[in-house]
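One structure is given here, and the rest of the page talks about it.
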Amino acid sequence: MLEMLSLAPILKGLLVLTFAGFTFPVTGVYLLRMNLLPLRFMLMHGAILGGAIALAMQYNPFWTTMLVNLLMVLLMTKTSRSMQVDTGQISMFMMVISISLAFIFIYKFNVPAQDTLSLLWGSLFALSWHEVIGVLAFSGLLLAFQFRYRRKLRAVFFDREIAFSSGVNEGRLYYAIILLTAITVAAAMKLIGALLLDALLLLPALIASLHAKSLRGVIIWSCLWGGIFSLSGFFLSLAIDIPASSGVALMASVVFLIIYVNHKRFKS
Amino acid sequence: MEHSLIVRRGEEIVFTSNEHWLHPLFELEDYLKGKNIPPSELFVRDKIAGKAAACLMVRLGVTRCRVELLSERAIPVFRAHGVEFSYGELVEHIQCRTEDLITDAMSIDDAYLFLRKRAGRVQGLPVKIENLTVDIGRKSILEDLSLELGRGEQLVIHGANGTGKTTLLRTLLGFIQPVQGTIRIGDINVGSNEWRQNRSLVGYVHQENVKNTFPISAEEVAAIGLSERKLSSKEIAYRVEVAMRRTGCFHLARQSYHSLSGGEKQRISLARCLCQNARVLLFDEPTSFLDSSGKEDLLELLNELSSTEAPTMILVSHETAWLDQLNWPRKELKGGRLC
Numbered sequence: 001m002l003e004m005l006s007l008a009p010i011l012k013g014l015l016v017l018t019f020a021g022f023t024f025p026v027t028g029v030y031l032l033r034m035n036l037l038p039l040r041f042m043l044m045h046g047a048i049l050g051g052a053i054a055l056a057m058q059y060n061p062f063w064t065t066m067l068v069n070l071l072m073v074l075l076m077t078k079t080s081r082s083m084q085v086d087t088g089q090i091s092m093f094m095m096v097i098s099i100s101l102a103f104i105f106i107y108k109f110n111v112p113a114q115d116t117l118s119l120l121w122g123s124l125f126a127l128s129w130h131e132v133i134g135v136l137a138f139s140g141l142l143l144a145f146q147f148r149y150r151r152k153l154r155a156v157f158f159d160r161e162i163a164f165s166s167g168v169n170e171g172r173l174y175y176a177i178i179l180l181t182a183i184t185v186a187a188a189m190k191l192i193g194a195l196l197l198d199a200l201l202l203l204p205a206l207i208a209s210l211h212a213k214s215l216r217g218v219i220i221w222s223c224l225w226g227g228i229f230s231l232s233g234f235f236l237s238l239a240i241d242i243p244a245s246s247g248v249a250l251m252a253s254v255v256f257l258i259i260y261v262n263h264k265r266f267k268s
Numbered sequence: 001m002e003h004s005l006i007v008r009r010g011e012e013i014v015f016t017s018n019e020h021w022l023h024p025l026f027e028l029e030d031y032l033k034g035k036n037i038p039p040s041e042l043f044v045r046d047k048i049a050g051k052a053a054a055c056l057m058v059r060l061g062v063t064r065c066r067v068e069l070l071s072e073r074a075i076p077v078f079r080a081h082g083v084e085f086s087y088g089e090l091v092e093h094i095q096c097r098t099e100d101l102i103t104d105a106m107s108i109d110d111a112y113l114f115l116r117k118r119a120g121r122v123q124g125l126p127v128k129i130e131n132l133t134v135d136i137g138r139k140s141i142l143e144d145l146s147l148e149l150g151r152g153e154q155l156v157i158h159g160a161n162g163t164g165k166t167t168l169l170r171t172l173l174g175f176i177q178p179v180q181g182t183i184r185i186g187d188i189n190v191g192s193n194e195w196r197q198n199r200s201l202v203g204y205v206h207q208e209n210v211k212n213t214f215p216i217s218a219e220e221v222a223a224i225g226l227s228e229r230k231l232s233s234k235e236i237a238y239r240v241e242v243a244m245r246r247t248g249c250f251h252l253a254r255q256s257y258h259s260l261s262g263g264e265k266q267r268i269s270l271a272r273c274l275c276q277n278a279r280v281l282l283f284d285e286p287t288s289f290l291d292s293s294g295k296e297d298l299l300e301l302l303n304e305l306s307s308t309e310a311p312t313m314i315l316v317s318h319e320t321a322w323l324d325q326l327n328w329p330r331k332e333l334k335g336g337r338l339c
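This is how it looks when you write it as structure tokens:
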């Protein structure tokens with residue numbers, strides 16, 4: 001099995017999955033705590049639109065998807081703040097508009113719909129070195145952001161009004177959180193696909209929030225669980241010949257079930 | 001130069017001061033806060049002492065002293081509290097305005113708070129609201145409301161539900177923009193650029209019904225008050241510990257915040273405000289989710305806070321029985337105005 005690591009695509013996949021596994025769950029905590037789950041679905045639709053544009057215009061799908069998602073998130077937060085409308089409602093509107101735009105591109109430019117939808121499945125072993133470096137750099141940025149703003153994030157996560165009255169510029173931090181989450185979701189979609197990205201982002205955060213008593217604990221444990229799932233899932237996929245994303249999702253689901261059942265038993 | 005105040009512990013001189021008026025005794029108070037010395041082991045030698053100094057010494061827990069020039073008005077205070085005293089010269093009264101302002105009706109705690117305010121040692125900032133009008137949607141909630149509170153003063157605002165009590169607090173915090181009128185906290189106008197830099201001057205304690213149950217420890221909640229300070233982790237841990245000990249909740253530091261009782265959560269909130277060094281505290285229905293022991297706890301904490309740090313405090317509540325025990329001045333919010 002280890003000899004497979006001498007193949008460049010496999011090695012790149014392992015490298016990216018390891019870094020993403022240990023860092024991306026930070027945004028899973030943001031998603032859960034800030035109740036940004038509608039955003040995650042909006043970004044999935046954004047990925048289809050990005051993919052359709054990329055295939056129609058022959059751009060790089062990874063960076064186009066990333067850009068489309070960033071624009072959508074900026075538009076969503078700006079509209080939500082200026083019109084004082086719930087982000088969930090704006091997300092739903094954006095979902096509809098993005099999927100309709102995607103199909104317009106598919107229809108007008110004769111893009112094979114199957115190729116666009118294949119973006120939702122991820123392609124861990126088809127990453128270019130530029131994309132690998134991009135993911136690694138973003139992992140570093142994510143950790144740096146979390147470390148630099150950990151105290152302010154703690155305040156915002158607890159209560160946005162209390163954070164405001166403690167002097168924290170919670171509005172600016174909220175924008176930053178949304179932007180980072182958007183980039184992470186777009187990158188995770190490319191790695192393990194939109195349908196399984198919850199395994200890399202949400203499940204580690206969810207598991208950590210079941211057993212940790214502090215926010216610091218949740219962040220640290222989310223990253224540890226994410227790393228463990230990524231590595232174990234990757235090698236499981238090599239061992240029993242299943243897709244890497246399924247391996248990660250399988251490991252995360254099994255651990256989640258065990259911890260959830262134990263948590264319930266402990267509580268009762 | 002001979003010191004105005006010399007404090008001995010046994011044969012050892014542990015504290016001296018050359019300041020005037022009551023400042024040496026306030027300095028002694030600061031000194032004792034950082035040391036673990038029982039005041040009963042101290043012998044205080046003061047140059048001049050009147051009734052005000054006597055009240056302060058009693059409040060500090062001093063039990064033995066010698067005063068070179070003693071006012072006759074200090075003697076009943078010393079005697080009433082079992083302080084052993086001697087003097088060099090006794091005078092009918094000393095030439096000090098403060099001496100005349102301490103009345104017999106004042107308790108030691110009242111006199112102490114009064115003297116702290118006079119010495120500029122209260123934490124509170126004055127609050128001045130002028131002609132405040134606030135609309136929510138098309139409905140006018142507050143109309144031409146004015147209010148003035150001095151440093152370290154307390155006020156209860158009561159009134160029926162929906163009269164705008166919470167709106168008033170939220171406007172004071174800057175969450176809501178008034179249609180007209182100004183709010184000044186100290187020398188700062190709420191909503192100004194200067195206020196944006198100093199928002200943490202106002203601490204906010206709400207009903208403690210935070211709906212999310214996302215894990216966060218009690219000490220993490222207290223540390224929120226220090227979110228904007230550029231301090232080392234060690235310094236933050238120290239300040240959080242001091243604040244949590246001060247509000248009697250340090251033993252809960254590592255526990256999950258959401259597993260605490262309502263009263264314990266309020267202690268954590270006050271510790272957060274102390275960490276924040278808030279100089280004006282706003283309480284929005286703080287007893288709403290408290291059982292009877294939680295309410296007693298909060299009462300005790302507020303009374304202690306008002307006689308020590310003495311931040312300016314505004315509390316909004318409609319629980320009259322509890323407010324009677326609190327015994328703060330009250331105003332009713334009715335028809336958008338305070339009366």
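Same order as they appear, the protein sequences are chains W and D.
For the first sequence, UniProt numbering assigns the number 1 to the initial residue and increments by one for each residue that follows.
For the second sequence, UniProt numbering assigns the number 1 to the initial residue and increments by one for each residue that follows.
Backbone N, C-alpha and C define an ideal beta-carbon position, used for all residues, glycine too.
Within 8 Å, strictly: CB atoms of residue i and residue j
i         : j         : result
D/Gln-123 : D/Glu-309 : yes
W/Ile-90  : D/Ile-224 : no
D/Ala-222 : D/Ala-278 : no
D/Asp-46  : D/Val-67  : yes
D/Ser-227 : W/Arg-148 : no
D/Val-73  : D/Thr-98  : First, the amino acid is wrong: residue 73 of chain D is Arg here, not Val. No, they are not a contact pair.
W/Leu-15  : W/Thr-181 : no
D/Gly-152 : D/Thr-287 : no
D/His-206 : D/Asp-297 : no
D/Val-179 : D/Asp-135 : yes
W/Phe-41  : W/Met-95  : yes
D/Pro-126 : D/Gly-159 : no
D/Leu-333 : D/Leu-168 : yes
D/Arg-337 : D/Glu-143 : yes
W/Gly-51  : W/Ser-98  : no
Residue-level contact to chain D via CB, residue i, 8 Å cutoff
i                      : result
residue 270 of chain W : Here chain W covers residues 1 to 268 and nothing more, so residue 270 of chain W does not appear.
W/Ala-212              : yes
W/Leu-206              : no
W/Arg-265              : no
W/Ser-222              : no
W/Arg-81               : no
W/Arg-172              : no
W/Ser-118              : no
W/Arg-40               : no
W/Leu-31               : no
W/Ser-123              : no
W/Gly-217              : yes
W/Ser-209              : yes
Cβ-heavy atom distance, residue i to the ligand SAH, below 7 Å
i        : result
W/Leu-11 : As far as ligands go, the structure on display features none, and thus does not contain the ligand SAH.
Neighbour-count burial assignment, residue i, 16 or more Cβ in a 10 Å radius
i         : result
D/Ser-269 : buried
D/Thr-320 : exposed
W/Thr-87  : buried
W/Gln-114 : exposed
W/Val-85  : exposed
D/Ser-107 : exposed
W/Phe-266 : exposed
D/Ala-53  : buried
Any C-beta of chain W under 8 Å from that of residue i
i         : result
D/Phe-250 : no
D/Phe-289 : no
D/Tyr-238 : no
D/Tyr-204 : yes
D/Ser-217 : yes
Would you call the region 27 to 35 of chain W in contact with the region 202 to 219 of chain W, where contact means no fewer than 3 C-beta pairs closer than 8 Å? yes
Within 8 Å, do at least three Cβ pairs link the region 166 to 177 of chain W to the region 1 to 13 of chain W? no
Closer than 7 Å between beta carbons: that is the criterion. Which residues of the region 134 to 157 of chain W meet it against chain D? Arg-151, Lys-152, Arg-154, Ala-155, Phe-157
On the three-pair Cβ rule with 8 Å, is the region 256 to 264 of chain D touching the region 199 to 219 of chain D? yes
Hey, is the region 207 to 225 of chain W in contact with the region 237 to 245 of chain W, meaning 3+ C-beta pairs nearer than 8 Å? no
Hey, is the region 275 to 292 of chain D in contact with the region 82 to 90 of chain D, meaning 3+ C-beta pairs nearer than 8 Å? no
Whether or not the region 69 to 81 of chain W and the region 171 to 189 of chain W are in contact is what I'm after, with contact meaning three or more pairs of Cβ atoms, one per stretch, closer than 8 Å; do they touch? yes
Using Cβ-Cβ distances below 9 Å, what residues of the region 157 to 184 of chain D are close to chain W? Arg-170, Leu-173, Gly-174, Phe-175
Count the CB pairs spanning the region 49 to 66 of chain D and the region 26 to 41 of chain D that are closer than 8 Å, and state whether there are at least three. yes
Please name the residues in the region 51 to 80 of chain W whose beta-carbon is closer than 8 Å to at least one beta-carbon of chain D, in chain order. none
Mind checking the region 269 to 286 of chain D against chain W and listing, in chain order, the residues whose C-beta falls within less than 7 Å of any C-beta there? Gln-276
Short of 7 Å Cβ to Cβ, which residues in the region 165 to 197 of chain W face chain D? Ser-165, Ser-166, Gly-167, Val-168
Using a Cβ-Cβ cut-off of less than 9 Å, list which residues of the region 186 to 203 of chain D approach chain W; keep chain order. Arg-196, Gln-197, Asn-198, Arg-199, Ser-200, Leu-201, Val-202, Gly-203
In the region 81 to 93 of chain D, which residues sit with their C-beta less than 8 Å from some C-beta in chain W, listed in chain order? none
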